[in-house]
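J.:
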Amino acid sequence: MEHTEEKVQAHVEEHKRPNYFLVFLALAALTLAEVGVTFLNIPQIPILAALASAKIVLVAMFYMHLKTDSKWFTYIFLVPIPFVVLIIASLLVY
Amino acid sequence: MIELDPTTVFSLIIGLPLLLILGMGATIGLVMWFLDRQVRQARAQAAQRAAAPATERRKARSGGGGGPRLATSPITRMVTAEGVVEAAPSMGLAMNKLGMWIFLASEVMFFTALIATFVSFRVRGMMDIPGEALNVPLAAVNTFILIVSSFTVVMALESVQDGREGRFILFLLATLALGSVFIGIQGIEWSELFQHGVTPSSDTFGTAFFVLTGFHGMHVIIGLLWLLFALLKAFRGDFTRENNLGIELFGLYWHFVDIVWIILFTIIYLI
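In the order they appear, the protein sequences are chains V and S. In this text, residue positions in the first sequence follow the working numbering: the first is 31, and each later residue adds one. In this text, residue positions in the second sequence follow the working numbering: the first is 70, and each later residue adds one.
(1) Taking residue 186 of chain S as the query, report the chain V residues whose CB atoms sit under 8 Å from its CB, ordered along the chain.
(2) With residue 306 of chain S as the anchor, note down where its alpha helix (DSSP H) starts and where it stops.
(3) Entirely within the stretch 71-110 of chain V and at least 4 residues each: give me those alpha helix (DSSP H) ranges in chain order.
(4) State yes or no: is the C-beta of residue 100 of chain V within less than 8 Å of the C-beta of residue 162 of chain S?
(5) In the DSSP assignment, the alpha helix (DSSP H) including residue 339 of chain S goes from what residue to what residue?
(6) Would residue 6 of chain V count as contacting chain S if we go by Cβ distances under 8 Å?
(7) Give, in chain order, every residue of the stretch 308-333 of chain S whose Cβ lies closer than 7 Å to some Cβ of chain V.
(8) Do residue 252 of chain S and residue 210 of chain S have their beta-carbon atoms positioned less than 8 Å apart in this structure?
(9) Contact between the stretch 294-311 of chain S and the stretch 232-243 of chain S: three or more CB pairs below 8 Å?
(10) What would DSSP say about residue 237 of chain S, mapped onto helix, strand or coil?
(11) Go through the stretch 251-336 of chain S residue by residue and report every complete run of the alpha helix (DSSP H) that reaches 4 residues or more, in order.
(12) Can you check whether the CB of residue 101 of chain S is closer than 8 Å to the CB of residue 113 of chain V?
(13) Compute the distance between the beta-carbons of residue 308 of chain S and residue 229 of chain S, then report whether it is under 8 Å.
(14) Assuming residue 336 of chain S contacts residue 187 of chain S (C-beta within less than 8 Å), just tell me the rounded distance between them.
(15) Whose C-beta lies closer than 6 Å to the C-beta of residue 105 of chain V among residues of the same chain, with five residues either side of it excluded?
(16) Could you tell me whether the Cβ of residue 165 of chain S comes closer than 8 Å to any Cβ of chain V?
(17) List the residues of chain V whose Cβ lies closer than 7 Å to the Cβ of residue 223 of chain S, in chain order.
(18) Starting from residue 86 of chain V, find everything on chain S with Cβ-Cβ shorter than 7 Å and list it in chain order.
(19) Does the Cβ-Cβ distance between residue 282 of chain S and residue 333 of chain S come in under 8 Å?
(20) Does residue 41 of chain V come out as helix, strand or coil in the three-state DSSP assignment?
(21) With residue 244 of chain S and residue 212 of chain S assumed to form a contact (beta carbons below 8 Å), what rounded beta-carbon distance in angstroms separates them?
(22) Work out the CA separation of residue 305 of chain S and residue 328 of chain S for me, nearest whole Å.
(23) According to DSSP, is residue 169 of chain S helix, strand or coil?
(24) Could you tell me if residue 339 of chain S is buried or exposed, where buried requires 16 or more neighbouring beta carbons within 10 angstroms of its beta carbon?
(25) Given that residue 78 of chain V touches chain S, what residues does it touch there, using C-beta distances under 8 Å?
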């Protein structure tokens, strides 16, 4: 009985885990897309910023487990964001 | 635009981030202290109620005094009448992990100051990017290597959590190799730039480039040293299915270093 419970628990945990290889493939594809964009005659800055942001979100959510971990860690990681905006704004405005 | 002399600009660049880091640290510290105190007091009161003998509880209900008092200071060990008691972490969080996230939040501020300065110089046209000296394909390969290393770290964590020790050590070794290759390629790139006359003191770009990539490289080297230490512990069998927080903390640091490189690759090489 206990053995079956363990198996069920392992099965549940396995399903909770994201597919890390899929995340890796997405990151590699996004990197390729970034390099590819530089060869195209289109407005590059917004596209590159979006691609880099997507990569950061993927790493933070899945590899750093922010998606499944306590929300406190996400809040702590987001605390500097207003300060980040303030620093960038102050450096660009002076 | 407001005209400022270089000394004021320099003081702002250095002083502002420092002030903001201190402010952020103090804010986080105060909030955590307050929450920690609230949780501990609630727990201590519950424990107090449970520990008090029935007669005492009856007396307390009828307003005739309380049970034994418990210490409620925000520490992980409490001295009670029964001896030293290990307190459970408040808020249900592992304190080491919480500390790592607070450290990473401070690192965000540190790299923001450097990256914002670089972007500010670029936006103002205060530096020329030596397009012919920058090796974009090599930097793209390095980005790919760091992404693979993030994958191997997360697989190492998964392996140790599954109790597959051989696989765990193999993934740690792969991460060590990939991190070392990253540093090696960065060394090649730096020497290429030196050959093109781009040095830390050649111009604004040189200074900004070497400061940014230098600090990032230093973080990678610190990560590699940490990884060596973790590998030694892994070979000794210190990490198990139940005890693997050390690897998780290393992973958080390594992934953060990866995130910083994702930003550097975009703003230095692509934009």
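Backbone N, C-alpha and C fix where the C-beta goes; we use that ideal spot for every residue, glycine too. Computed from a predicted model, the values in this text were never measured in an experiment.
T.: So, from the data block:
(1) Within the second sequence, the letter at position 117 stands for residue 186 of chain S. Listed along chain V are 121, each with a C-beta nearer than 8 Å to that of residue 186 of chain S.
(2) The sequence position of residue 306 of chain S within the second sequence is 237, counting from 1. Element bounds for residue 306 of chain S: n/a, residue is neither H nor E.
(3) As far as the stretch 71-110 of chain V is concerned, its whole alpha helix (DSSP H) runs of at least 4 residues are 74-88 and 101-108.
(4) Numbered from 1 along the first sequence, position 70 holds the residue referred to as residue 100 of chain V. Numbered from 1 along the second sequence, position 93 holds the residue referred to as residue 162 of chain S. In this structure, residue 162 of chain S lies closer than 8 Å to residue 100 of chain V by Cβ.
(5) Numbered from 1 along the second sequence, position 270 holds the residue referred to as residue 339 of chain S. First-last for residue 339 of chain S: undefined, no H or E at that position.
(6) Nothing about residue 6 of chain V can be read from this structure; chain V reaches only from 31 to 124.
(7) So the close ones are 321, 324, 327, 328, 331 and 332.
(8) Numbered from its first residue, the second sequence carries residue 210 of chain S at position 141. Numbered from its first residue, the second sequence carries residue 252 of chain S at position 183. Not closer than 8 Å, so no.
(9) Output reads yes: the stretch 232-243 of chain S touches the stretch 294-311 of chain S.
(10) As a first step, residue 237 of chain S is located in the second sequence; it is residue number 168 there, counting from the start. Helix at residue 237 of chain S.
(11) Entirely contained in the stretch 251-336 of chain S, the alpha helix (DSSP H) runs reaching 4 residues are, in chain order, 273-304 and 314-333.
(12) Against the first sequence, residue 113 of chain V aligns to sequence position 83. Against the second sequence, residue 101 of chain S aligns to sequence position 32. Their beta carbons are not under 8 Å apart, which means residue 113 of chain V does not touch residue 101 of chain S by this criterion.
(13) Residue mapping note: residue 308 of chain S aligns to position 239 of the second sequence, counting from 1. Residue mapping note: residue 229 of chain S aligns to position 160 of the second sequence, counting from 1. In contact: residue 308 of chain S and residue 229 of chain S (Cβ atoms closer than 8 Å).
(14) In the second sequence, residue 336 of chain S corresponds to position 267, counting from 1. In the second sequence, residue 187 of chain S corresponds to position 118, counting from 1. That pair is a contact at about 7 Å.
(15) The residue you call residue 105 of chain V lines up with position 75 of the first sequence. By the criterion of a C-beta distance shorter than 6 Å, residue 105 of chain V is surrounded by no residue of its chain, once the five residues flanking it on both sides are discounted.
(16) Here residue 165 of chain S corresponds to residue number 96 of the second sequence, with the count starting at 1. Residue contact with chain V for residue 165 of chain S: absent (no Cβ-Cβ distance below 8 Å to any residue of chain V).
(17) As a working mapping, residue 223 of chain S is identified with position 154 in the second sequence. At a beta-carbon threshold of 7 Å, the residues of chain V lying near residue 223 of chain S are 50 and 93, ordered along the chain.
(18) Position 56 of the first sequence, counted from the start, is the residue given in the question as residue 86 of chain V. In chain order: 328 and 331.
(19) Sequence index remark: in the second sequence, residue 282 of chain S carries index 213 (1-based). Sequence index remark: in the second sequence, residue 333 of chain S carries index 264 (1-based). Note that the C-beta distance between residue 282 of chain S and residue 333 of chain S is below 8 Å.
(20) For this step, residue 41 of chain V is matched to residue 11 along the first sequence. Only weak support exists for where residue 41 of chain V lies, its pLDDT of 49 falling under 50; the coordinates are left without a value.
(21) The count along the second sequence starts at 1 and reaches residue 244 of chain S at position 175. The count along the second sequence starts at 1 and reaches residue 212 of chain S at position 143. No, residue 244 of chain S and residue 212 of chain S are not in contact; Cβ-Cβ is about 16 Å, not under 8 Å.
(22) Taking the second sequence and counting its residues from 1, one reaches residue 328 of chain S at position 259. Taking the second sequence and counting its residues from 1, one reaches residue 305 of chain S at position 236. Whole-angstrom Cα-Cα distance: 31 Å.
(23) Position 100 of the second sequence, counted from the start, is the residue given in the question as residue 169 of chain S. Three-state DSSP puts residue 169 of chain S in a helix.
(24) As a first step, residue 339 of chain S is located in the second sequence; it is residue number 270 there, counting from the start. Residue burial annotation: residue 339 of chain S is buried, with at least 16 other C-beta atoms found within 10 angstroms of its C-beta.
(25) The residue you call residue 78 of chain V lines up with position 48 of the first sequence. The contact set of residue 78 of chain V on chain S, defined by CB atoms closer than 8 Å, consists of 335, 339 and 340 in chain order.
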